[in-house]
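Peer 1: Mind looking over this structure? Questions follow.
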Amino acid sequence: MASLKEMRNQIASVKATQKITKAMQMVAAAKLRRSQEAAQNARPYATRMASVIANLAAGVNGPGAPRLLVGTGQDRRHLIVVATSDRGLAGGFNSSIVRAARERIASLIAQGKDVKLITVGKKARDQLRRGFDDKIVLSFEAGANPSLATAQEIGGKVLELFEAGEIDVVTLFYSRFKSVVQQIPTAKQLIPAEVAQGAAPIDLRGAIYDYEPDEETILETLLPRNITVQVLSALLENQAGFFAAQMAAMDNATRNAGDMITAYTIKMNRTRQAQITKELIEIISGAEAL
Amino acid sequence: MAEKLHFSLVSPEREVFAGDVDQVDAPGSEGDFGVLAGHAPFMTALREGFVTVHDGDRLHRFELQGGFADVSPLGLTILAEQVRDVEI
Numbered sequence: 001m002a003s004l005k006e007m008r009n010q011i012a013s014v015k016a017t018q019k020i021t022k023a024m025q026m027v028a029a030a031k032l033r034r035s036q037e038a039a040q041n042a043r044p045y046a047t048r049m050a051s052v053i054a055n056l057a058a059g060v061n062g063p064g065a066p067r068l069l070v071g072t073g074q075d076r077r078h079l080i081v082v083a084t085s086d087r088g089l090a091g092g093f094n095s096s097i098v099r100a101a102r103e104r105i106a107s108l109i110a111q112g113k114d115v116k117l118i119t120v121g122k123k124a125r126d127q128l129r130r131g132f133d134d135k136i137v138l139s140f141e142a143g144a145n146p147s148l149a150t151a152q153e154i155g156g157k158v159l160e161l162f163e164a165g166e167i168d169v170v171t172l173f174y175s176r177f178k179s180v181v182q183q184i185p186t187a188k189q190l191i192p193a194e195v196a197q198g199a200a201p202i203d204l205r206g207a208i209y210d211y212e213p214d215e216e217t218i219l220e221t222l223l224p225r226n227i228t229v230q231v232l233s234a235l236l237e238n239q240a241g242f243f244a245a246q247m248a249a250m251d252n253a254t255r256n257a258g259d260m261i262t263a264y265t266i267k268m269n270r271t272r273q274a275q276i277t278k279e280l281i282e283i284i285s286g287a288e289a290l
Numbered sequence: 291m292a293e294k295l296h297f298s299l300v301s302p303e304r305e306v307f308a309g310d311v312d313q314v315d316a317p318g319s320e321g322d323f324g325v326l327a328g329h330a331p332f333m334t335a336l337r338e339g340f341v342t343v344h345d346g347d348r349l350h351r352f353e354l355q356g357g358f359a360d361v362s363p364l365g366l367t368i369l370a371e372q373v374r375d376v377e378i
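Next comes the structure, spelled out in structure tokens:
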């Protein structure tokens, strides 16, 4: 059995860990509020953009339609963008995104398709390097705060690859922030653009939309921006989801540490009492022997 | 006072302006234009320039680095990438 001193040290060490996890939980909670706000602020732009594109896409069809909207007509070369956070200690947050991406990659390879990867966030790179190292073409860091500049950089690279004719389909993997307790690993298709279905068209009261210069020119400038916006909103949702997951993970860790401290304390007290009893018996039997 | 126009100016990071105003002037790719309440629906690309919002006697001005304007019966929406508030 461990000595009393060893047990005391153990309790002290668990207590120190508990303090750290508690602090991390509170930091994550504070950051969660901010990043949740940022994700919410970005939503109007993304939804308006989606509705404008849906509106336009309905009218543009045929061979002249932009390739970003209708694709290259092929489905052979896939680019997968996997976005996670830079840091861990957030339960299964990063792993679940990577797992979803891995499943997709494996099934694409099984179908004989060509797969390229772009990773955003250190965790995505570290986890995907095992097994798919040769497929990773580029790696970005997620950074402390997702900004438009980061999203533009990533979106720009995706467009560059597409314009160069190296890829046909682009899918983005990230975690959708559903609520503080629920983050859902999600795959979003960037190219060909996913057009929002079921959105009720705006009642024009009989009027007809006028386009300046024309629908296709507008679409052609709108679609590349849309990719940047989708990437930005994914990064923001990831950020919020990450802090939520970290908060939950740290809350668990704090609670586990508390349980451990209780268990160790009981064990320590029992040992101490056993020792006292033993000493008493020794003293009494020693006195009796005199 | 005539009917008001619902105007919202959104950037990817946040909604910069939202409210009912009298008139908005914007730099369209094919020329500047002004929008009043009840404007016919149209959509245009914007070039770099200034958006001026008229609300009674007050004026707001924003500087844009290009974007999109969408006029529908619901009002005017401008999607702009970089928006800067300008003092008048």
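These protein sequence lines map, in sequence, to chains A and B.
If you read the first sequence in this note's numbering, its first letter stands for residue 1, the second for the next number, and so on.
If you read the second sequence in this note's numbering, its first letter stands for residue 291, the second for the next number, and so on.
Think of the CB as a built atom: it goes at the ideal place given N, C-alpha and C, for glycine as much as any other residue.
Here the structure is a predicted model, which is why all the values come from computation and not from measurement.
Who does F340 of chain B pair with in a DSSP beta bridge?
Peer 2: B:E353
Peer 1: Look up L364 of chain B in the DSSP assignment and say whether it is helix, strand or coil.
Peer 2: coil
Peer 1: Under a three-way DSSP split, which group does D114 of chain A fall into?
Peer 2: strand
Peer 1: Where does S85 of chain A fall in DSSP's three states?
Peer 2: coil
Peer 1: Would a C-beta distance cut-off of 8 Å place P363 of chain B and G339 of chain B closer than the cut-off?
Peer 2: Taking 8 Å as the Cβ cut-off, P363 of chain B and G339 of chain B do not qualify as a contacting pair.
Peer 1: Can you check DSSP and say which residues form a bridge with D345 of chain B?
Peer 2: The beta-bridge partner set that DSSP reports for D345 of chain B consists of B:R348.
Peer 1: Could you please give me the residues that DSSP links to K188 of chain A through a beta bridge?
Peer 2: A:L172
Peer 1: Per DSSP, which one or two residues make a beta bridge with T119 of chain A?
Peer 2: A:V82, A:S139
Peer 1: Per DSSP, R374 of chain B is paired with what?
Peer 2: B:E353
Peer 1: Using three-state DSSP, classify Y211 of chain A as helix, strand or coil.
Peer 2: Strand, per DSSP.
Peer 1: Beta carbon of P146 of chain A: closer than 7 Å to some heavy atom of the ligand SAM?
Peer 2: As for the ligand SAM, it is missing from this structure, which has no ligand bound.
Peer 1: What residue range is occupied by the uninterrupted alpha helix (DSSP H) comprising Q313 of chain B?
Peer 2: Looking at the DSSP string, Q313 of chain B is not in any alpha helix (DSSP H); the run it does join, the beta strand (DSSP E), is 313 to 318.
Peer 1: Closest to L138 of chain A by C-alpha separation, out of A:K122, A:A16, A:I118, would be which residue?
Peer 2: A:I118
Peer 1: Output the distance between the C-alpha atoms of G357 of chain B and T342 of chain B, rounded to the nearest integer angstrom.
Peer 2: 15 Å
Peer 1: Please name the residue in A:P44, A:A58, A:K15, A:M7 whose C-alpha comes closest to that of G300 of chain B.
Peer 2: Note that residue 300 of chain B is Val in the sequence shown, not Gly. Minimum Cα distance to V300 of chain B is reached at A:P44.
Peer 1: Whose Cβ in chain B lies nearer than 8 Å to the Cβ of E212 of chain A?
Peer 2: G318, S319, E320, F332, M333, T334, A335
Peer 1: Residues of chain A with CB under 8 Å from E305 of chain B, in chain order?
Peer 2: Against E305 of chain B, the close residues of chain A are N41, P44, Y45, in the order they occur along the chain (beta-carbon pairs closer than 8 Å).
Peer 1: CB-CB under 7 Å to Q36 of chain A, same chain, minus the five flanking residues each way: which ones, in chain order?
Peer 2: A240
Peer 1: Can a CB atom of chain B be found closer than 8 Å to the CB of V52 of chain A?
Peer 2: yes
Peer 1: Starting from the Cα of S3 of chain A, find the closest Cα among A:I284, A:R272, A:I281 and give me that residue.
Peer 2: A:R272
Peer 1: My assumption, with CB atoms under 8 Å, is that H380 of chain B sits in contact with D312 of chain B. Please give the rounded CB distance.
Peer 2: With chain B running from 291 to 378 in the structure shown, residue 380 of chain B is simply not present.
Peer 1: Since H296 of chain B contacts D310 of chain B with CB under 8 Å, what's their CB separation in whole angstroms?
Peer 2: 5 Å
Peer 1: Return the CA-CA distance between S96 of chain A and I261 of chain A, expressed in angstroms with no decimal places.
Peer 2: 31 Å
Peer 1: Helix or strand or just coil, what does DSSP make of R76 of chain A?
Peer 2: coil
Peer 1: Specify the secondary structure class of S95 of chain A as computed by DSSP and reduced to three states.
Peer 2: helix
Peer 1: Measure the alpha-carbon distance for N269 of chain A versus A287 of chain A and round it to whole angstroms.
Peer 2: 27 Å
Peer 1: Following the continuous alpha helix (DSSP H) through V181 of chain A, name the residue where it begins and the one where it ends.
Peer 2: Looking at the DSSP string, V181 of chain A is not in any alpha helix (DSSP H), and its letter there is neither H nor E.
Peer 1: With DSSP run on the structure shown, which of helix, strand or coil describes L326 of chain B?
Peer 2: strand
Peer 1: Can you tell me whether D210 of chain A is buried or exposed? The criterion is at least 16 other CB atoms within 10 Å of its CB, across all chains shown.
Peer 2: exposed
Peer 1: So which residues on chain A does T367 of chain B lean against when the C-beta distance must stay under 7 Å?
Peer 2: R48
Peer 1: Shorter than 8 Å from the beta carbon of V300 of chain B to some beta carbon of chain A?
Peer 2: At least one C-beta of chain A is nearer than 8 Å to the C-beta of V300 of chain B.
Peer 1: Take K116 of chain A as the anchor and find which of A:T171, A:G92, A:S85, A:Q74 has the nearest alpha-carbon.
Peer 2: Looking at the Cα atoms, A:T171 is the closest of the given residues.
Peer 1: Taking the alpha carbon of Q74 of chain A as the point to measure from, which residue in A:A193, A:P213, A:D259, A:I167 has its own alpha carbon closest?
Peer 2: A:I167
Peer 1: Helix or strand or just coil, what does DSSP make of V300 of chain B?
Peer 2: strand
Peer 1: Counting only Cβ pairs nearer than 7 Å, list the residues of chain A close to D360 of chain B.
Peer 2: V52
Peer 1: Using DSSP with H/G/I as helix, E/B as strand and the rest coil, what is V195 of chain A?
Peer 2: coil
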